[in-house]
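S.K.:
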Amino acid sequence: MATHDPYPAADYKWYWNAAQSIAAGHGFTAQGLPTARWPVGYPAFLGGLFALTRPSLVVGRVANIELALGIILLATVLARRMLASERAARLTAFILAFFGSPRFHFPLIPFFAIYAAAAATGIGRAGPAPEA
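Just add 1 to the spot in the sequence shown (first one is 1) and you have the working numbering.
(1) Can you grab the Cα-Cα spacing for the pair residue 3 / residue 64, in whole Å?
(2) Are residue 51 and residue 21 closer than 8 Å when you measure CB to CB?
(3) Using beta-carbon positions only, say whether residue 69 and residue 80 come within less than 8 Å of one another.
(4) For residue 49, which residues of its own chain have a beta-carbon under 8 Å away from its beta-carbon, when the five flanking residues on both sides are left out?
(5) Among 75, 97, 92, 19, whose alpha-carbon lies nearest the alpha-carbon of residue 34?
(6) Closest to residue 95 by CA distance: which of 83, 30, 82, 74 is it?
(7) Is it buried or exposed for residue 76, if we count other Cβ within 10 angstroms and need 16 for buried?
(8) List in chain order: all unbroken alpha helix (DSSP H) runs of 4+ residues lying wholly within the segment 39 to 85.
(9) Can you look up residue 31 in the DSSP assignment and give me helix, strand or coil?
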């Protein structure tokens, strides 16, 4: 994976271009025209980062890795609260960190990372599971 250096293509390229448009102050546009056809969340997040730094795949990848780590942390907390089990919490963290697609897709700048992190934050704030 260290030698794999993908350039955004397909949907990823669209999010990349939308983020650059936002960072440049042109707003959320498609083909130069304002749009509400797609969700603005991830391009706005990435556009904000690009406005603070500069448009860069490295910035997007690092942000996605940070979001992935946040998802793992929040899922671990959620498993610990819901199942009242440290073992289940650690297993959750292990599975999310070492199996499945996130470890391959988060560095590619997909929109999934921000939405999953937001959902996990909301679920994690719900508090401990009620006692039976």
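The beta-carbon is built from N, C-alpha and C at its ideal position, and this holds for glycine as well.
M.R.: Let me lay it out:
(1) Position 2 of the sequence shown, counted from the start, is the residue given in the question as residue 3. Position 63 of the sequence shown, counted from the start, is the residue given in the question as residue 64. A caution first: residue 3 carries a pLDDT of 49, below 50, which makes its placement in the model too unreliable to give a value.
(2) In the sequence shown, the residue the question calls residue 51 occupies position 50. In the sequence shown, the residue the question calls residue 21 occupies position 20. Going by C-beta atoms, residue 51 is nearer than 8 Å to residue 21.
(3) The count along the sequence shown starts at 1 and reaches residue 69 at position 68. The count along the sequence shown starts at 1 and reaches residue 80 at position 79. Cβ atoms of residue 69 and residue 80: not closer than 8 Å.
(4) What you label residue 49 is simply residue 48 of the sequence shown in a count that begins at 1. Around residue 49: 23, 24.
(5) Numbered from its first residue, the sequence shown carries residue 34 at position 33. Comparing Cα-Cα distances from residue 34 to each of 75, 97, 92, 19, the minimum goes to 19.
(6) On the sequence shown, residue 95 is found 94 positions in, with the first residue counted as 1. Minimum Cα distance to residue 95 is reached at 74.
(7) The count along the sequence shown starts at 1 and reaches residue 76 at position 75. When all chains shown are included, residue 76 counts as buried.
(8) 42 to 53, 58 to 84
(9) For the purposes of this step, residue 31 is identified with residue 30 of the sequence shown, where counting begins at 1. DSSP places residue 31 in strand when its eight states are reduced to three.
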